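In terms of full-length UniProt numbering, the sequence shown is residues 1 to 892.
Where a beta carbon is used, it is the ideal one built from N, C-alpha and C, also for glycine.
Just so you know, these numbers come straight off a predicted model, no measurement behind them.
The structure appears right after this line, and notes come after that.
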Amino acid sequence: MDKDSVLTHFLKAKTMSTLLGGELPVSVTNNKKYISPLTSEAQATDRNVEDASLDGAIHTALCDNSRSVILVGPEGSGKTTALEKLVVDWAKGEHLQNFSYVFHFRFRELNSINDMLSLETLMLHHHGHIPPESMPLLLQKPEDVLFVFDDLDQCKQNLDPSVHTFCSDPSQAASLSCLVASLLHGSLLKGATFVVATRTGGCPNVVTGTQVEVLGFLKPQREAYINGFFTDPAAATKARMHMERTLGFYDICTSPRFCWTVCSVYKSLIDVGADLPETLSQLYVDILVHLIQTLSMTEACNRELVLSLGKMASHCFLEQHSSCTKEEIDSFGFQQFPTSVGAFLQVDGPSDRSIFTFYSQLMQEFLLVVSFFLDKSKSESVEKMLEKHKGRAKFLDVFMSALSQPVQRRPLENLLGEMNSDRIADFKSWFKSSSEMTLKGWYKDKHHHCFHLLYQAQNESLVREIITPSAQIGISYGDLSLQDCVTLNYVVTCLGEMEELNLYRTMNLTEEEAERLASTMSLSHKIKLSDCCLSPGAVRHVASALSGGLTKELDLSQSHLGDKKFKILCVGLRDCKLQKLKLVMCKLTEASCEDLASVLTSDTSQLCVLDMSLNQIGDKGFTNLCKALHGHHCKLQDIQLQNCGLTAASMEALSAALCSGQSELRKVNLMHNMTGLSGVEALCKSLQHPLCKVQSLNFFDNELTGECCPHLMEALMSEHCSLSELDLSVNKLGQEGALLLCKALSRPGCPMEKLKLTRCELTQPVFKELGSVLRNGTSKLKSLSVGMSKVGDQGVKHLWDAVAHPNCLLEELDVEMTCLTDASTEDLCAAIRASKTLKSLELRNNSLTNASVPALVQVMQDSENMLEMNVKYNDFGEEVFDLLDECEKIRY
């Protein structure tokens, strides 16, 4: 094969670069501006991005003896240029020298072949770079042959292997589709190698082999491309920064062809000192204005041309064709614009059999919307038009939203005449009603689409009109795309504030996404980032948003922050309005406590609720926090320390802080720690101190025994004790210890209102004494939990009698798993009837049967104050479920 003629063929420009069609591959190659597109590996690997280049992927696959390499990617992603560069490099002797013959075909050009022909004829006459005398040698050594097929998805003929009888003779005449199918199948010229390019979703069953997903450009490649496009570095920087800010979040920005179009438009605008477009819609307005101005036609001709393009756009969508014949476009009214078509459409094939294709689907959609708004007929509503093209066009309502705004459509109206005001009004009405329904719902994807339409409109008053108080914009927006971040940020910025930004279960909040959401975070009163994974860069933006922002509550539970990222966050925590911080299970250690202590002692700190549960900060870390509690700037009132690895060793430090006179702590949760006897003793001493303000203490599952009860009794007997809530559940207090507590509860003036003693090995005498406490006329107890105590009907009867007594103030009673039977039902119902205060009763996991149900239902229906009774996991049969359903206050 004559490599020089191949090189000459590929390096000679046959057409001109166009605004929409991208820079010609020959121009890219000749001017040494080629930047290899990336494969999808660039997003899925930590390797150097260069390892994920398309060129590298092709060479690797061919060196691994893959017989077929399929490049799959969206329009304009760089497949064509990469394939032509591949052939040029081979012809220059730089790569793939194991192949003696390389044939490059584009289906856009092959589509004009309708005659039967042989493979020999195809290679000799439709390629032209191989002399006839070389053909026998080529056919004898097919392993030396490489076929490059571009635009496989554009093939007009059916390549499905199942509809062809494959041929194996290179001299046998067959249809083009049969030849190609036979080649790809391996029946014809077996042993040859293929590199095939197709758009995503095109011809999935035609060829099998190594598939390479073409991504295009990421940010570094875009930067290199833009720097190479502009000769003026200042213009390049301006263009790059503007493109990344306004368009970089769209998938289309990975397209090298789109980058060419954007750079071309930007250059023309920068050269005349005009403003650059702020949105995708504004960009396409500028593109269309530029194209129309280059044609220098009258307003009437401009309008007719766009209307014809709109008809073609709709036809291609509805018929699911990507291109049209000469006869078809003539039927749309293009006869009067023979020289203008090339600016908008790609033209392939000889002039008498030309095939016309839109350069991009986005431009196709934009032209359809412009023509729809230009059309003066009243035959079709906006809703009907959108429904007709649903599933085929994605951006129609997006472009409509932009063009419904006078300031955005004015540049087009100056060239095309006024648009149809009735259709614009129809769109506005449709948008308002559909948005109202969407934003009352709970589908986040629909919310984001609505925000995208508002973003394209760029009208702050419209945002306030659409986002009414009934809108559910506080739903979980976890796993936002970069585009979603931009549009949500725009909406919230227009509104001025947001009650709650809920990003629950965002699997990977990147630095770029967090940067785009910075204003939203600053304007949110609550931020929920629980169960999220945040990059260090994202944490920096969260910290920056908190500093000087409106946020009062931040939930980072299960976000796996770790000490390093928490240190970054603390920079913002030191100067913010945050009042509540949840850090449950964030993989924090004692190292974070020093940073947190500095936050708590900051003179600007307003933090009053802190949840550090399920972080192994240990005694050393907690002791550091306790030092902060001595500071006069510390405003902490509620600290949750569930399962933090604490022991008695740090309780002295807590006790000292509580007695310091500086601590504002009211609530301390020590659940699932090992505070031990000496730890409880230290805390009980502080409870008796006149400066201690603690009102709620939780020792749930601290492996305590009855030995701690004398200290607790002493604390509760103290006139200075302000403890109103105490949870001692899941500790082995036993009868003796519990009776001591009852003695303290009997003291007139005892502040206890909520007591939990679930699974504390309580006995009947304890229940008897508790009943006495409830009836004595001085007890303030409103909530009592004594579940998982095997006292039976006789033991719980003491409580029923107490509940029925007029002195009893109990509102909540939990007697779960206390071995109750039907024998207790009469006393239970009598207590409910007599009580004026009881609202909630927990009866789960007992032995009540169907016999008790009628009485329970009746008493709950009759009671005005009872709000809830839970009878789950008793011995009820299905036959009483209908009866239980009659009372909504009963859960079963």
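Burial state of residue i, where buried means 16 or more other Cβ atoms lie within 10 Å
i: glutamine 335; result: exposed
i: aspartate 46; result: Confidence in aspartate 46 is poor, its pLDDT being 49 and thus under 50, which makes the residue's placement too unreliable to answer from.
i: proline 806; result: exposed
i: aspartate 822; result: buried
i: serine 433; result: exposed
i: proline 37; result: buried
i: asparagine 111; result: buried
i: leucine 137; result: exposed
i: tyrosine 225; result: buried
i: threonine 468; result: exposed
i: leucine 614; result: buried
i: histidine 720; result: exposed
i: aspartate 232; result: exposed
i: leucine 318; result: exposed
i: proline 220; result: exposed
i: serine 351; result: exposed
i: histidine 321; result: exposed
Alpha-carbon to alpha-carbon, residue j and residue i
i: threonine 758; j: alanine 715; result: 21 Å
i: valine 369; j: leucine 19; result: 20 Å
i: phenylalanine 10; j: serine 323; result: 25 Å
i: residue 913; j: serine 177; result: No answer is possible for residue 913: the residues shown for the chain start at 1 and end at 892.
i: glutamine 282; j: glutamate 515; result: 23 Å
i: glycine 737; j: leucine 712; result: 10 Å
i: serine 17; j: glutamate 23; result: 5 Å
i: valine 880; j: glutamate 811; result: 28 Å
i: leucine 625; j: serine 718; result: 27 Å
i: serine 785; j: cysteine 760; result: 10 Å
i: serine 847; j: tyrosine 873; result: 8 Å
i: lysine 376; j: glycine 417; result: 11 Å
i: glutamate 725; j: histidine 632; result: 26 Å
i: glutamate 143; j: proline 170; result: 15 Å
i: leucine 307; j: valine 272; result: 29 Å
i: alanine 851; j: phenylalanine 876; result: 9 Å
i: leucine 867; j: aspartate 445; result: 38 Å
Proximity of residue i and residue j at Cβ, strictly below 8 Å
i: leucine 215; j: threonine 254; result: yes
i: threonine 647; j: aspartate 611; result: no
i: serine 360; j: glycine 76; result: yes
i: serine 146; j: phenylalanine 99; result: Before going further, note that residue 146 is leucine rather than serine in the sequence given. Yes, the Cβ-Cβ distance between leucine 146 and phenylalanine 99 is below 8 Å.
i: alanine 457; j: serine 524; result: no
i: histidine 787; j: valine 766; result: The amino acid occupying residue 787 in the given sequence is glycine; histidine does not appear at that position. Their beta carbons are not under 8 Å apart, which means glycine 787 does not touch valine 766 by this criterion.
i: threonine 520; j: leucine 546; result: no
i: leucine 683; j: cysteine 659; result: no
i: leucine 733; j: glycine 706; result: yes
i: leucine 820; j: glutamate 842; result: no
Residue i: first and last residue of the uninterrupted beta strand (DSSP E) it sits in
i: methionine 869; result: 868 to 870
i: asparagine 502; result: 498 to 502
i: alanine 174; result: Unbroken run through alanine 174: none, as it is neither H nor E.
i: aspartate 150; result: 145 to 150
i: valine 786; result: Premise fails: valine 786 is in no beta strand (DSSP E) and is neither H nor E.
i: alanine 91; result: Alanine 91 -> not in any beta strand (DSSP E); alpha helix (DSSP H) instead, spanning 79 to 91.
i: glutamine 794; result: Per DSSP, glutamine 794 belongs to no beta strand (DSSP E); it is in the alpha helix (DSSP H), 792 to 804.
i: glycine 73; result: 68 to 73
i: residue 959; result: With the chain covering only 1 through 892, there is no way to say anything about residue 959.
i: glutamine 662; result: No beta strand (DSSP E) contains glutamine 662, which DSSP labels as neither H nor E.
Integer Cβ distance of residue i from residue j, believed to fall under 8 Å
i: leucine 374; j: methionine 419; result: 6 Å
i: phenylalanine 217; j: serine 187; result: No, phenylalanine 217 and serine 187 are not in contact; Cβ-Cβ is about 38 Å, not under 8 Å.
i: leucine 480; j: glutamate 511; result: At roughly 14 Å, the Cβ-Cβ gap does not stay under 8 Å, so leucine 480 and glutamate 511 are not in contact.
i: lysine 768; j: leucine 809; result: That pair is no contact at about 19 Å.
i: leucine 83; j: alanine 13; result: So it is not a contact: roughly 17 Å between Cβ atoms.
i: leucine 482; j: phenylalanine 249; result: 4 Å
Continuous alpha helix (DSSP H) stretch holding residue i: start and end
i: isoleucine 568; result: 562 to 573
i: glutamine 140; result: 135 to 140
i: tyrosine 490; result: 482 to 495
i: leucine 368; result: 361 to 374
i: serine 772; result: 764 to 775
i: aspartate 882; result: 881 to 885
heavy atom of the ligand ATP below 7 Å from residue i C-beta
i: leucine 117; result: With respect to the ligand ATP, the structure shown offers nothing to examine, as it has no ligands at all.
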